[in-house]
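Student: My structure is below; once you've seen it, I'll send some questions.
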Amino acid sequence: MTPEVVEAGPVRLRPFRPDDAEDLAAGRDDPVNLRFNPVGMPHPYTVADAHWWIAEGAPAAWRSGGAAYAIVDAGTDRLVGGAGLSQVVPGRGQAELGYWVAPRARRRGIATATTRALATAAFQAGLARLELLVRAENPASQRVALAAGFRLEGVRRAAGPGRDGDRYDLLAWVRLAGDPPGPVPRLLPDLPDGRLTDTVVTLRRLAPPDAEVLHRLHTRPEVVATRVRPVPPTRADIDRRCAVAESDWLTGRAADFAVCDAATGTMVGGCALVHDEPATGQAMIGYSLLPEARGRGLATRAVRLLAGWAFDQVGLARLWAGTAPWNTASQRVLDRAGFHREGVMRARLPAPTPDTPRPDTVLWSFLPTDPTAPRPLPG
1 MTPEVVEAGP VRLRPFRPDD AEDLAAGRDD PVNLRFNPVG MPHPYTVADA
51 HWWIAEGAPA AWRSGGAAYA IVDAGTDRLV GGAGLSQVVP GRGQAELGYW
101 VAPRARRRGI ATATTRALAT AAFQAGLARL ELLVRAENPA SQRVALAAGF
151 RLEGVRRAAG PGRDGDRYDL LAWVRLAGDP PGPVPRLLPD LPDGRLTDTV
201 VTLRRLAPPD AEVLHRLHTR PEVVATRVRP VPPTRADIDR RCAVAESDWL
251 TGRAADFAVC DAATGTMVGG CALVHDEPAT GQAMIGYSLL PEARGRGLAT
301 RAVRLLAGWA FDQVGLARLW AGTAPWNTAS QRVLDRAGFH REGVMRARLP
351 APTPDTPRPD TVLWSFLPTD PTAPRPLPG
């Protein structure tokens, strides 16, 4: 059993009290908390629901071997969230850690402080392994996991029950008793000031509002023709890609960028760095622009910005790109950006149809030691 009270810097974890009910109801009824809460959470969440939790739900969590804490401001003792341990498996020394923070208390480091302190208390109480299960669409909780020393272990497929009978995947972030308290080093750091720019083109992280433009881009025939399988993505595919772009970045899988006109901020295309070989320090890049943005050197500028960040900030040792043999426009972009043509990978890609041969790929590479090292072009 963890202690009744856990000190966590700016906040304190203690048992719930009847006078927490109004703040508990207000915090639990917040749209963000509702979106990522488990099925069965009342909606709307009333003061009566809060009183039930304080009198029945939280004590039951303690009796089952878990924990249910109110997160309160250390100075005022006012409730600002909740945290606990559930799904305890004594034979494995394992439990699941969870938390929520009221809207008025966010962006103050409360979730990270709570997670670190509760994890420490759980390990001191004898647990060996803690899991933090998070939806990919919830990057804020993934940032908390990284800051508190949790490492991505894998995906729990269809582990989350949806409110409409569907199921969704959960990312399993895990911390062991012997792990340091964090933060965990990341393969792909955040962008300086949230963007890369040369005053003509700007790269920023892809986000959910970009889905409409990205769908228009990736359903154009000439862009579809360059996909691994030349089939246009659905709008749902693009919505999902934009929704999990920050998660992919945090987990080190890929950095997905919106390419924007620096003067207007208008999105004109996309590019991405896929961290396909972390062990060798290699990553792949790809890019495409809407027709109205082509012929102005924006793709070359975007690739140079991306490559400069990949070498200087990520610390990669090699970038590579592949083009279709017929895609001379893309090859010109890579050549101007400093890439070197290495050769042809024969029959690299799946055949577009059963009765057609597998397409070749022209392979291009770029090293940080190449004499034509990429740097932003002047505006």
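Numbered by full-length UniProt numbering, the letters in the sequence shown go through residues 1 to 379 in order. From the three backbone atoms N, C-alpha and C, an ideal C-beta is built for every residue, glycine too.
1. With a 10 Å radius around its C-beta and 16 neighbouring C-beta atoms as the bar for buried, classify E131 as buried or exposed.
2. Consult DSSP for D169 and reduce its assignment to one of helix, strand or coil.
3. So, Q313 versus T323, is the Cβ gap smaller than 8 angstroms?
4. Quick test of the definition: if touching needs 3 or more C-beta pairs under 8 angstroms, does the stretch 261–268 touch the stretch 303–322?
5. Taking the C-alpha atoms as reference points, what is the distance between R116 and Q142?
6. Suppose you measure from the CA of R107 to the CA of P371; what does that come to, to the nearest Å?
7. In three-state DSSP terms, what is S86?
8. Taking the alpha-carbon of Y168 as reference, which of E137, D193, P180 and P359 has the nearest alpha-carbon?
9. Ends of the alpha helix (DSSP H) at S64?
10. Does the Cβ-Cβ distance between L206 and L196 come in under 8 angstroms?
11. Among residues of its own chain, excluding the 5 on either side of V155, which ones have a beta-carbon nearer than 8 angstroms to its beta-carbon?
12. What's the call for D77, buried or exposed, on a 16-neighbour Cβ count within 10 Å?
13. I'd like the list of long-range same chain contacts for Y45, defined as Cβ closer than 7 angstroms, with 5 residues on each side in sequence excluded.
14. Across which residues does DSSP place T197 in a beta bridge pair?
15. For H215, collect the residues of the same chain with a Cβ closer than 6 angstroms to its Cβ; drop the 5 residues on either side in sequence, then sort them by chain order.
16. What are the uninterrupted segments assigned as beta strand (DSSP E) that are 3 or more residues long and contained completely in the stretch 254–282, given in chain order?
17. Exposed or buried, P350, counting other C-beta atoms within 10 Å across all chains shown (16 or more means buried)?
18. E4: which of G65, A272 and P233 sits nearest, CA to CA?
19. Tell me, which residues are paired with V286 by DSSP?
20. Quick check on V303: does DSSP put it in helix, strand or coil?
21. Beta-carbon separation of V101 and A111 under 8 angstroms?
22. Looking at C-alpha atoms only, which residue of G252, P208 and D73 is the closest neighbour of A243?
23. Once DSSP output is grouped into helix, strand and coil, what is the label at L133?
24. If you measure between the beta carbons of residue 457 and D19, is that distance less than 8 angstroms?
25. Around the Cβ of W249, are there at least 16 other Cβ atoms within 10 angstroms (buried) or fewer (exposed)?
Tutor: This is what the structure gives:
1. buried
2. strand
3. no
4. no
5. 14 angstroms
6. 44 angstroms
7. strand
8. E137
9. That residue, S64, is in no alpha helix (DSSP H); it is neither H nor E in DSSP.
10. no
11. D169, L170, L171 and A172
12. exposed
13. A25, R28 and D29
14. T202
15. R235 and I238
16. 254–261 and 267–277
17. exposed
18. G65
19. The residue asked about is misnamed: residue 286 is Gly in this sequence, not Val. DSSP lists A272 as partners of G286.
20. helix
21. yes
22. P208
23. strand
24. In the structure as shown, the chain starts at 1 and stops at 379, and residue 457 therefore has no counterpart that could be examined.
25. buried
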